[in-house]
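Numbering of the sequence shown is given in my numbering, commencing with residue 324 and proceeding in unit increments. Cβ coordinates follow ideal geometry from the N, Cα and C atoms, glycine included.
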Amino acid sequence: MLRDRKNSRCVCLPRSPCIWTGTLSLASSSRDFDPRTRAFSDEDLKPQPMIKKSRKQFVPDEMKDEKYWARRRKNNMAAKRSRDARRIKENQIALRAGFLEKENMGLRQEMDRLKKENMLLRDKLSKFSDV
324 MLRDRKNSRC VCLPRSPCIW TGTLSLASSS RDFDPRTRAF SDEDLKPQPM IKKSRKQFVP
384 DEMKDEKYWA RRRKNNMAAK RSRDARRIKE NQIALRAGFL EKENMGLRQE MDRLKKENML
444 LRDKLSKFSD V
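Spelled out as structure tokens, the structure:
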């Protein structure tokens with residue numbers, strides 16, 4: 324069971340009897356992603372609020388000192404981490420959707436098979452009850 328940083332309640336996914344082929348791999352870091360074993364916290368499942376971007380402020384060249392460039396490097400690294408995290412999360416959602424679609428298709432096929440078997444057994448039973 325996984326917990327997020329804020330120690331909120333975790334949501335565990337039940338194990339599925341369906342076979343996971345793992346054919347969808349959108350990012351190299353998510354190749355080993357198995358939605359049956361991943362625990363999503365409440366925070367992961369909440370939509371993120373829209374944050375308005377503030378207008379860029381022009382900084383004249385004479386004010387671009389080492390402190391400015393250090394802040395810019397730090398901000399660029401934070402933006403890259405944020406983009407990477409968002410990309411991984413989107414890939415995991417896509418993998419989970421694909422997994423659930425495959426599982427749903429398998430369950431529908433099994434349900435159809437069981438309905439046919441049920442009808443066959445009802446027919447056999449009705450033949451014996453008619454005699």
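Between residue i and residue j, what straight-line distance do the alpha-carbon atoms span, to the nearest angstrom?
i	j	result
residue 373	residue 389	32 angstroms
residue 376	residue 417	27 angstroms
residue 401	residue 363	24 angstroms
residue 394	residue 361	36 angstroms
residue 421	residue 427	10 angstroms
residue 430	residue 439	14 angstroms
residue 436	residue 443	11 angstroms
residue 407	residue 415	12 angstroms
residue 424	residue 368	19 angstroms
Can you tell me where the alpha helix (DSSP H) with residue i in it begins and where it stops?
i	result
residue 449	389–453
residue 367	365–368
For the ligand ATP, is there any heavy atom lying closer than 6 angstroms to the beta carbon of residue i?
i	result
residue 364	You won't find the ligand ATP in this model; it holds no ligand whatsoever.
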